[in-house]
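In what follows, a structure is listed as C-alpha cells, so that the remarks can point back to it.
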Amino acid sequence: MGGEWPAPLALAFVLLIVSPSLGILLQTIVMKGLEGTSETTKLVIPIAVMLAFIGITNWVWQDFESRIPEPFFGRDSKWELGTHS
C-alpha cells in the first residue's frame with residue numbers, strides 16, 4: 004500500500020518543502036487576519052485548521068484499511084490490575 008516514492012525521499016520532501024510552504028501559507032493567509040482578535044481566538048484557529056487537515060486526509064484516504072499494531076505481549080496475554088498472585 005506504499006506510495007511510489009522511497010520513504011526517505013518522501014520524508015525529506017514533506018519536512019523540507021511541504022511543511023515550510025504550508026506554514027508560510029497559513030501565516031500569511033490565516034494568522035495575519037487574526038491580529039486584532041483575542042488570545043483565545045488565536046489559540047482555537049490553529050486547532051481548527053489541524054482538525055480540518057485530519058478530516059481532509061481521512062476523506063482522501065478513506066478506503067485504506069487501518070493498521071492496528073500487535074500488542075506487546077501477544078493477543079492472548081492477560082493483564083489483571085489490582086490483584087496479587
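Okay, so the sequence shown: first residue is 4 according to the numbering used here, each after it adds one. C-beta atoms are modelled at their ideal positions from N, C-alpha and C, and glycine is treated no differently.
Look up residue i in the DSSP assignment and say whether it is helix, strand or coil.
i: residue 82; result: coil
i: residue 89; result: The chain is shown from 4 up to 88; residue 89 falls before or after that span and cannot be answered.
i: residue 65; result: coil
i: residue 27; result: helix
i: residue 16; result: helix
i: residue 33; result: coil
Rounding to the nearest angstrom, what Cα-Cα distance links residue i and residue j in this structure?
i: residue 20; j: residue 54; result: 22 angstroms
i: residue 44; j: residue 80; result: 46 angstroms
i: residue 11; j: residue 22; result: 15 angstroms
i: residue 65; j: residue 82; result: 33 angstroms
i: residue 70; j: residue 39; result: 44 angstroms
Exercise. Does the segment 47–60 come within contact of the segment 27–39, defined as at least 3 CB pairs closer than 8 angstroms?
Worked result: Segments in contact, yes.
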